[in-house]
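Each residue of the sequence shown is one higher than the last, beginning at 0 in numbering that gives the first Met the number 0.
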Amino acid sequence: MPPLDAIAKVESFIISIPRDVPYLGPLREGERINEKGYVIRRGNRSIYPTSDMSVLVKVTSESGKVGWGETYGIVAPQAVISIIDEVLGPVLIGRDPGDPVVLHEDLYDLMRVRGFFGGFYVDSLAGIDIAIWDLYGKCLGRPLSSLLGGTRHAAIPAYVSGLPKATLRERCDLAVEWVGKGYKGIKFAAAMSDDGIVKEMAALREAVGPEIDLMVDLHWKFTSGEAIRLIRRLEAHNLYFAEAPCEPEDIEGQELVARGIGTPLALGEEWRTTYEYRPRFERRCMSIIQPEMGHTGVTEFLHIGRMAHAFHVDTIPHASIGIGIFMAASLQATAALKRVPYHEYQHSIFDKNLRYVVGDMGCSDGFYRLPSGPGLGVEPHPDVFNYIRTA
Numbered sequence: 000m001p002p003l004d005a006i007a008k009v010e011s012f013i014i015s016i017p018r019d020v021p022y023l024g025p026l027r028e029g030e031r032i033n034e035k036g037y038v039i040r041r042g043n044r045s046i047y048p049t050s051d052m053s054v055l056v057k058v059t060s061e062s063g064k065v066g067w068g069e070t071y072g073i074v075a076p077q078a079v080i081s082i083i084d085e086v087l088g089p090v091l092i093g094r095d096p097g098d099p100v101v102l103h104e105d106l107y108d109l110m111r112v113r114g115f116f117g118g119f120y121v122d123s124l125a126g127i128d129i130a131i132w133d134l135y136g137k138c139l140g141r142p143l144s145s146l147l148g149g150t151r152h153a154a155i156p157a158y159v160s161g162l163p164k165a166t167l168r169e170r171c172d173l174a175v176e177w178v179g180k181g182y183k184g185i186k187f188a189a190a191m192s193d194d195g196i197v198k199e200m201a202a203l204r205e206a207v208g209p210e211i212d213l214m215v216d217l218h219w220k221f222t223s224g225e226a227i228r229l230i231r232r233l234e235a236h237n238l239y240f241a242e243a244p245c246e247p248e249d250i251e252g253q254e255l256v257a258r259g260i261g262t263p264l265a266l267g268e269e270w271r272t273t274y275e276y277r278p279r280f281e282r283r284c285m286s287i288i289q290p291e292m293g294h295t296g297v298t299e300f301l302h303i304g305r306m307a308h309a310f311h312v313d314t315i316p317h318a319s320i321g322i323g324i325f326m327a328a329s330l331q332a333t334a335a336l337k338r339v340p341y342h343e344y345q346h347s348i349f350d351k352n353l354r355y356v357v358g359d360m361g362c363s364d365g366f367y368r369l370p371s372g373p374g375l376g377v378e379p380h381p382d383v384f385n386y387i388r389t390a
């Protein structure tokens, strides 16, 4: 195939969209919003923005065709755009967007000998990679899923992630409401279980009945021994999976938990490359992986998903704060994989921010609809640029 239009320009934008209720729900006692607009959740000691913050990437070809990407930019997004603008973008000028995997490898190589094979560097690369794949699909007039091997799933089961209400009773009522809308899977956040995690699980099970898949996000809070004891108690209420029990660095702990419980263990939203996944696959640390497109980009997402299949591990992708561009990429890439029982549905983010993308992507009656059209199938709505953050 002859070369496509060369890449002529790469741009990045910080987007910050206000929200009424902070991510994960109302502030708890002792939590406050700091001068930069962040809150530290006491339940898991992690920092979150109080707006929906993201980084958009725009790659323009010589003929004016545009590919859009988005990356994980919820904390210190200036770090991401600095890497894109100073390092990655200039290297892409003049390159062929028809070589997305080659470009991904070349950009990854730029800083690996300096130890930058994770973190903000790979997040920046993820946004670039999504935009290049989008541009490639638009140049060929083909949807991204078809370029990744074919579309296995036109619709993908969605599980409801998070019940952002202040009380356990309200969270149970919200879970019942989602079941009434046709959703078969619901996950609650242990960091927000003020009345106790086991009590929350029992109450939710009683509320939604025996047929609904209930999951728990443990937010990396526990030692392996603590996690095993807790998960065994949750298993009495037919837990579908337990997520992120131990600190992210604790491979040994992850392995011990996986071997010590009867419930599938789900891991991986914080990992960005096959190099992080591979040792966990080899040690059978999990039964489910949760790659986050905003961290991985399309190229690495597919590498990870194919590796998971070789280890007989299911893929249930993670969904993070964003306007919907990397969500479209995640759905397109997920549609090309075989072992996909669910995709996470961050309803408090996804539904609210659909207004900021143009396209037919959606989620209803328990399923995501794959966006149609070339490339990702969605583009930013002009209104989103009213929320550019310049400092």
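C-beta: ideal position from N, C-alpha, C; glycine also.
Chain B within 8 Å of Phe384, Cβ atoms only: In summary, chain B is missing from the structure at hand, where a single protein chain is found.
Of the residues Tyr344, Ile324 and Thr298, the one placed nearest Pro478, counting alpha carbons only: Here the chain has residues from 0 to 390 only, and residue 478 is not among them.
Per-residue DSSP class, three states only, for Arg368: The sequence position of residue 368 within the sequence shown is 369, counting from 1. Three-state DSSP puts Arg368 in a strand.
For Ser15 and Tyr386, believed in contact at Cβ under 8 Å, the rounded distance: If you number the sequence shown from 1, residue 386 lands on position 387. If you number the sequence shown from 1, residue 15 lands on position 16. Sure, about 6 Å apart at Cβ, within 8 Å.
Continuous beta strand (DSSP E) stretch holding His342: start and end: For the purposes of this step, residue 342 is identified with residue 343 of the sequence shown, where counting begins at 1. Run containing His342: His342 to Tyr344, per the beta strand (DSSP E) assignment.
Option in Gly29, Asp122, Leu162 and Leu26 with minimal Cα separation from Met200: Locating residue 200 in the sequence shown gives position 201, counting from the first residue. For the residues Gly29, Asp122, Leu162 and Leu26, the minimum Cα distance to Met200 belongs to Leu162.
Residues of its chain near Leu353, where Cβ-Cβ distance is below 8 Å and the 5 sequence neighbours each way are ignored: The residue you call residue 353 lines up with position 354 of the sequence shown. Taken in chain order, the residues that qualify are Gly323, Met360 and Gly361.
Start and end residues, beta strand (DSSP E) containing Cys362: Within the sequence shown, residue 362 is the residue found at index 363, counting from 1. Start and end: Gly361 to Ser363.
Ordered list of alpha helix (DSSP H) runs contained in the region 263-319, each at least 4 residues: 273-281 and 292-309
Proximity of Ala157 and Tyr367 at Cβ, strictly below 8 Å: Here residue 157 corresponds to residue number 158 of the sequence shown, with the count starting at 1. Here residue 367 corresponds to residue number 368 of the sequence shown, with the count starting at 1. Closer than 8 Å, so yes.
Proximity winner among Phe12, Gly24 and Asp4, relative to Ser192 (alpha-carbon distances): Taking the first residue of the sequence shown as position 1, residue 192 is located at position 193. Measuring from the Cα of Ser192, the nearest candidate turns out to be Gly24.
Segments of 3+ residues assigned as beta strand (DSSP E) that fall wholly inside the region 192-254: 212-216 and 238-242
Among Phe310, Asp122 and Asp95, nearest to Gly293 - alpha-carbon criterion: By 1-based counting over the sequence shown, the position of residue 293 is 294. Closest option to Gly293, Cα to Cα, is Asp122.
Minimum C-alpha distance to Lys220 - residue among Gly252, Ala332, Ser363 and Arg388: Position 221 of the sequence shown holds residue 220. Out of Gly252, Ala332, Ser363 and Arg388, Gly252 has the C-alpha closest to the C-alpha of Lys220.
Beta-carbon proximity of Val178 to Ile127, cut-off 8 Å: In the sequence shown, the residue the question calls residue 178 occupies position 179. In the sequence shown, the residue the question calls residue 127 occupies position 128. No, the Cβ-Cβ distance between Val178 and Ile127 is not below 8 Å.
Cβ separation of Ile155 and Leu330, assumed to be a contact under 8 Å, to the nearest whole Å: Locating residue 155 in the sequence shown gives position 156, where the first residue counts as 1. Locating residue 330 in the sequence shown gives position 331, where the first residue counts as 1. With 8 Å as the limit, Ile155 and Leu330 qualify as a contact, their Cβ atoms being about 6 Å apart.
Where Asp105 falls: helix, strand or coil (DSSP): Position 106 of the sequence shown, counted from the start, is the residue given in the question as residue 105. Three-state result, Asp105: helix.
Cβ distance (whole Å) where Arg277 is taken to contact Met306 below 8 Å: Counted from its first residue, the sequence shown places residue 277 at position 278. Counted from its first residue, the sequence shown places residue 306 at position 307. About 7 Å; that satisfies the 8 Å criterion.
Gly68 vs Ala7 beta-carbon contact at 8 Å: The residue you call residue 68 lines up with position 69 of the sequence shown. The residue you call residue 7 lines up with position 8 of the sequence shown. No, the Cβ-Cβ distance between Gly68 and Ala7 is not below 8 Å.
Tyr393 - partner residues in DSSP beta bridges: The requested residue 393 does not occur in the structure, where the chain is confined to residues 0 to 390.
Inter-residue Cα distance where the pair is Ile46 and His236: Start at 1 with the first residue of the sequence shown, and residue 46 comes out as number 47. Start at 1 with the first residue of the sequence shown, and residue 236 comes out as number 237. Distance between the alpha carbons of Ile46 and His236 is about 31 Å.
Whole-number beta carbon distance between Ala241 and Thr262, since they are thought to touch under 8 Å: Here residue 262 corresponds to residue number 263 of the sequence shown, with the count starting at 1. Here residue 241 corresponds to residue number 242 of the sequence shown, with the count starting at 1. The Cβ separation is near 5 Å, so the contact holds.
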